[in-house]
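Asks: Below is a structure I'd like to ask you about.
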Amino acid sequence: NAGVTQTPKFRVLKTGQSMTLLCAQDMNHEYMYWYRQDPGMGLRLIHYSVGEGTTAKGEVPDGYNVSRLKKQNFLLGLESAAPSQTSVYFCASSQDLGYGYTFGSGTRLTVV
Amino acid sequence: ELKVEQNPLFLSMQEGKNYTIYCNYSTTSDRLYWYRQDPGKSLESLFVLLSNGAVKQEGRLMASLDTKARLSTLHITAAVHDLSATYFCAVITGTASKLTFGTGTRLQVTL
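Below, the structure is given as structure tokens:
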């Protein structure tokens, strides 16, 4: 049981480049989330999804887009990367409020 | 807007000592979570507190929740070096089970 898998684990982008981060879960969870983690700021919600085909904005959605075409996958896109998007990105999924989230291992993104 | 505040932000303590990390939140919620994060790693779930007065214990860590005071505590008993990590509290907000995280408390246990 792999849980939540994020790819890639590391990436360096040049300003203006685009990329997609992939999150895959094999637990049949309905809810999926993308967070970014920056030093001293905890984790901040970028976008989330409450089920296949649905997405919604979180606390810091600007500069990101998401899609959830299949229940098990949640994609995070950066259309034109900026240095301010240098961060560690975590994907998480949830089915039962009583157990909280299952987190992926994270993607460390550097935009130069 | 829900705000979650943790204090202290950094804690250096000697092995064998006791200490408490505090988590305050600004709006009503009856679910609170504690996570641990080791450097360069993902977040590991420690405790899920689902009601007022809930208390959970695992080894040297004990978490409690007071929903009326909007306060949760994470108490460390007789700290050991292996507990060195960053600890986050998080509160459920609104629909879709969105978690709002505190800024984290970096715990360093010295030998």
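Residue numbers (the working numbering), protein chains in the order written: chain A, 403 to 514; chain B, 363 to 473.
Don't be surprised by glycine CBs; every beta carbon is placed ideally from N, CA and C.
Computed from a predicted structure; not experimentally measured.
In the DSSP assignment, what residue or residues form a beta bridge with glycine 513 of chain A?
Replies: Note that residue 513 of chain A is valine in the sequence shown, not glycine. Answer is A/Leu415, bridged to valine 513 of chain A.
Asks: Where are the beta strand (DSSP E) runs, 3 residues long or more, that stay fully inside the stretch 403-427 of chain B, in chain order?
Replies: The stretch 403-427 of chain B contains these whole beta strand (DSSP E) runs: 405-411, 417-420.
Asks: Short of 7 Å Cβ to Cβ, which residues in the stretch 419-432 of chain A face chain B?
Replies: Flagged: no residues at all.
Asks: Okay, do the stretch 407-422 of chain A and the stretch 417-437 of chain B touch, 3+ Cβ pairs below 8 Å being the bar?
Replies: The stretch 407-422 of chain A, when compared against the stretch 417-437 of chain B, does not touch it at the 8 Å Cβ threshold.
Asks: Give me the Cα-Cα distance between threonine 422 of chain A and lysine 473 of chain A, rounded to the nearest whole angstrom.
Replies: Taking the straight line from one Cα to the other gives about 17 Å.
Asks: So which residues on chain A does glycine 466 of chain B lean against when the C-beta distance must stay under 7 Å?
Replies: Per Cβ cutoff of 7 Å: Gly444.
Asks: Let me see if you follow: with CB-CB separation under 8 Å, is valine 426 of chain B close to chain A or not?
Replies: Checking the displayed sequence, the identity of residue 426 of chain B turns out to be serine instead of valine. Chain A, which has no Cβ nearer than 8 Å to the Cβ of serine 426 of chain B, makes this no.
Asks: Helix, strand or coil for leucine 447 of chain A? Go by DSSP, reduced to three states.
Replies: In the structure shown, leucine 447 of chain A sits in a strand (DSSP, three-state: E or B).
Asks: How about valine 462 of chain A: is its C-beta nearer than 8 Å to some C-beta of chain B?
Replies: Chain B contact via Cβ: absent.
Asks: Taking the straight line between their C-alpha atoms, what separation do you get for glycine 506 of chain A and arginine 438 of chain A?
Replies: Going from the Cα of glycine 506 of chain A to the Cα of arginine 438 of chain A covers about 12 Å.
Asks: At the level of alpha carbons, what is the spacing between valine 513 of chain A and phenylalanine 463 of chain B?
Replies: One C-alpha to the other measures close to 25 Å.
Asks: Using 8 Å for Cβ pairs, my map puts histidine 449 of chain A next to glycine 460 of chain A. What's the rounded Cβ distance?
Replies: Going by Cβ atoms, the distance from histidine 449 of chain A to glycine 460 of chain A rounds to 5 Å, so yes, they are a contact pair.
Asks: If you run the structure through DSSP and keep just helix, strand and coil, what is glutamine 497 of chain A?
Replies: In this structure, glutamine 497 of chain A counts as coil in the three-state DSSP scheme.
Asks: Between the stretch 435-443 of chain B and the stretch 372-386 of chain B, are three or more C-beta pairs nearer than 8 Å?
Replies: The stretch 435-443 of chain B is in contact with the stretch 372-386 of chain B.
Asks: Within a Cβ cutoff of 6 Å, which residues of the same chain sit near glycine 378 of chain B, ignoring the five residues on either side of it in sequence?
Replies: The answer, listed in chain order, is Ala440.
Asks: DSSP three-state label for leucine 364 of chain B, please.
Replies: Three-state DSSP puts leucine 364 of chain B in coil, outside helix and strand.
Asks: Between the alpha carbons of glutamate 432 of chain A and phenylalanine 372 of chain B, how many angstroms are there, rounded?
Replies: Spanning the two alpha carbons is a distance of roughly 35 Å.
Asks: So aspartate 483 of chain A contacts chain B; which residues on that side make the cut at Cβ distance below 8 Å?
Replies: Reading the sequence as shown, one finds alanine at residue 483 of chain A and not aspartate. Per Cβ cutoff of 8 Å: no residues; alanine 483 of chain A is ~22 Å from chain B at best.
Asks: Any C-beta of chain A within less than 9 Å: which residues of the stretch 393-404 of chain B qualify?
Replies: For the stretch 393-404 of chain B, which is checked against every Cβ of chain A, the residues closer than 9 Å are Arg393, Tyr395, Tyr397, Gln399, Gly402, Lys403, Ser404.
Asks: When you compare only the Cα positions, how much space is there between serine 404 of chain B and threonine 504 of chain A?
Replies: Each residue's Cα considered, the two are about 10 Å apart.
Asks: Can you tell me whether glutamine 376 of chain B is buried or exposed, with buried defined as 16 or more other CB within 10 angstroms of its CB?
Replies: Per the 10 Å Cβ criterion, exposed.
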